[in-house]
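Residue numbers (our numbering): -15 to 543.
Each residue gets a CB set at the ideal place from its N, CA and C atoms; glycine is no exception.
To start, the structure under review is shown below, and the notes come after it.
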RNA sequence: GCGCCUAUAGCUCAGCGGAUGAGAGCACCGGCCUCCGGAGCCGGGAGCGCAGGUUCGAGUCCUGCUAGGCGCACCA
């Protein structure tokens, strides 16, 4: 556990003990002790940590908060807590001022833990599956897929750091109607290219990339049309979706996203899992027949209405393989499932939650994060997109235009439920308007100083040999405090499933470093001070690297 | 009609299960380079959609309203 987290826990314990002692000596009757909340006050004048404990107790104890605070303080044992000053302020806050020594502990901590600094056991090794992107393997991925990729991958990084056992998974819908139409579309183009009548199926895919695929297929398998008709269709479907999956894998890898498992829907069919899950639900009385279709009584679990699992024509709806898939997830040992979906799928939440309960798993073990829309802009102008006309910006084009680092950062700087304005021109611009460069620049600057130090053979002492007490200007203290904050920030982001906290953390850290840089010189200072500042620099570099790695953004040594 | 998301500075957005004087970036204005990277630093103005409610205290919680986005299939 990090210094900051240990210290907080220690202070919380000390406060609890103080309350208990005060209660005994003052004769308070406390029905339930509130959890001690410590927060970092916005105003520096209010100290390093503050608690509203006295105010929370006031109703129970029936005394004014300030009176309670006084009593708590009288009984507070500050030994080993770095607390140097205690004040009562405002309506009854207890403000704590800490000595700097704990910050020096943080620097030593960072040095010894290296890239592990920031991690914690908060998640208690709980097995979590994060399923995201899962775009249909019938075409290029779009910008919401890209947002999902960035958010999902980073959330997985965050939760991993916070002590969860996280697995990234991509569900490939390669067995449904879309896949079939896609295969038929390829086949139609193939026939056209062979000089035959190739009729595109209704709701087929008219886009040019399908024709491109057909051309490639003609080279790879010139004798396709000599096979039986059924085989042709099946082959095109399989070949086409496999190819798109390979393409998606490559595109995502270029975006820095790698999945642990690519789960094929067709494997569920092959293994008879659809029938099995239907049988399972049927045995428990959750299914019924009506109008020739098989229905799932999802409304019994809070869904708006019941849903069809098998249509009257005998074909399962999308829901059936999906339920089978989630059943499979649990049976593979995952304790908690998180799915990241686009905004167009929120109508689907109710039935899936119902399915989870019908399968016998706890309601709260299944969680859905709905991302909101991305509005693409270019120089403030909306980029008009129309799928029908084949005009839309794909994930690949997005990466080509703005680059991986900027793209990821832009997707990660906003909360998942925020509608995102993404200005392509701004993201692509390598200028001061672009926040990602500001952060990377901080890292490059540190590297530059450390390079210089090495060239000049300047001695960089290890943290436990440096006179860290020399670090005491405001800029240095502010920087160290931000370094100390990383583990908590990661826990917060993990708990709330909100990667944007880490993006903001990075920006704030860079900001405090830049401020330090202009206020404090490193090289050329008196040796002890220079040594202490070098320790601070290295710690800052380490934390920047860790935080940027979480975001999947490169930490460059030069720019 | 029903459901989900959103409404905070000129623009884009933060604001942690309520809490001590509302923040950042961009844009605008004014300062800062004999010295480790000026892609930087320091300073300046302006804001919580509307109306109620809960509370010692509401940008934050509850209700209603208004506005915008998205979704409501025996499609996936």
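For my contact list, residue 157 and residue 379 are in at a C-beta cut-off of 8 Å; report their separation, rounded to the angstrom.
Wrong, their Cβ atoms sit about 17 Å apart, outside the cutoff.
According to DSSP, simplified to helix, strand and coil, what is residue 151?
Three-state DSSP puts residue 151 in a strand.
In the region 175 to 209, which residue ranges form an unbroken alpha helix (DSSP H) of at least 4 residues, counting only runs that do not cross its ends?
Whole alpha helix (DSSP H) segments, 4+ residues: 192 to 204.
Specify the secondary structure class of residue 14 as computed by DSSP and reduced to three states.
Of the three classes helix, strand and coil, the one that applies to residue 14 here is coil, per DSSP.
Evaluate the contact criterion for the region 523 to 538 versus the region 89 to 102: three or more CB pairs, one atom per stretch, below 8 Å.
Contact holds: three or more Cβ-Cβ distances are below 8 Å.
Taking the alpha-carbon of residue -12 as reference, which of 94, 501, 543, 27 has the nearest alpha-carbon?
Taking only the C-alpha atoms, the option nearest residue -12 is 94.
Can you tell me where the alpha helix (DSSP H) holding residue 224 begins and where it ends?
It spans 213 to 238 - the alpha helix (DSSP H) in which residue 224 sits, taken as one unbroken run.
What does DSSP give as the partner residue(s) for residue 23 in the beta ladder?
In DSSP, residue 23 forms a bridge with 34.
Taking the continuous alpha helix (DSSP H) assigned at residue 314, which residues delimit it?
303 to 315 is the extent of the alpha helix (DSSP H) around residue 314.
In angstroms, rounded to a whole number, what distance separates the CA positions of residue 272 and residue 210?
Whole-angstrom Cα-Cα distance: 45 Å.
As an exercise, report each continuous alpha helix (DSSP H) stretch of at least 4 residues that is fully enclosed by the region 329 to 413, in chain order.
For the region 329 to 413, whole alpha helix (DSSP H) runs of length 4 or above, ordered along the chain, are 333 to 342, 379 to 386, 388 to 396, 408 to 412.
Contact between the region 508 to 519 and the region 352 to 372 is defined here as three or more beta-carbon pairs at a separation below 8 Å; is this criterion met?
The answer is no - the region 352 to 372 does not touch the region 508 to 519, with fewer than three Cβ pairs under 8 Å.
Just grab the DSSP bridge partners of residue 323 for me.
Answer is 115, 352, bridged to residue 323.
Hey, which unbroken runs of the beta strand (DSSP E) at 3 residues or more fall wholly within the region 243 to 276?
With a minimum length of 3 residues, the continuous beta strand (DSSP E) runs that stay inside the region 243 to 276 are 245 to 248, 271 to 274.
Who are residue 70's beta bridge partners in DSSP?
For residue 70, which the question treats as bridged, DSSP gives the partners 80.
Answer yes or no: do residue 49 and residue 34 have a C-beta to C-beta separation smaller than 7 Å?
No, these two residues do not count as a Cβ contact at 7 Å.
Comparing alpha-carbon positions, which option in 476, 502, 485, 450 lies nearest residue 522?
Per the Cα distances, 450.
Locate the alpha helix (DSSP H) running through residue 519, then write down its first and last residues.
It spans 511 to 535 - the alpha helix (DSSP H) in which residue 519 sits, taken as one unbroken run.
Where does the unbroken alpha helix (DSSP H) through residue 50 begin, and where does it stop?
Per DSSP, residue 50 belongs to the alpha helix (DSSP H) from 49 to 58.
Residue 389 and residue 367 - do their beta-carbons sit closer together than 7 Å?
Their beta carbons are not under 7 Å apart, which means residue 367 does not touch residue 389 by this criterion.
Find out if the Cβ-Cβ distance for the pair residue 146, residue 478 is shorter than 7 Å.
Yes, they are a contact pair.
Select from 537, -7, 188 the residue whose C-alpha is nearest the C-alpha of residue 62.
Of 537, -7, 188, the residue nearest in Cα terms is -7.
Just to confirm my understanding: we take residue 411, look at its own chain, exclude 5 residues before and 5 after, and list those with CB closer than 6 Å. What are they?
Hits under 6 Å: 386, 390, 394.
Can we count residue 20 as close to the ligand PLP, meaning its CB is less than 6 Å from some heavy atom?
This structure does not include the ligand PLP; it has no bound ligands of any sort.
Roughly how many angstroms lie between the CA atoms of residue 281 and residue 489, to the nearest whole one?
Near 46 Å, if we compare the C-alpha coordinates of residue 489 and residue 281.
Going by the CB atoms, is the gap between residue 426 and residue 468 shorter than 7 Å?
Contact: no.
Are residue 356 and residue 401 close, meaning C-beta to C-beta below 7 Å?
For residue 356 and residue 401, yes; Cβs fall inside 7 Å.
Answer with buried or exposed for residue 113, where buried requires no fewer than 16 other C-beta atoms within 10 angstroms of its C-beta.
Flag for residue 113 reads buried.
Please name the residue, chosen from 498, 446, 438, that lies closest to residue 466 on a Cα-to-Cα basis.
For the residues 498, 446, 438, the minimum Cα distance to residue 466 belongs to 498.
Buried or exposed, going by whether 16 or more other CB atoms sit within 10 Å of the CB of residue 519?
It is buried - the Cβ of residue 519 has at least 16 other Cβ atoms within 10 Å.
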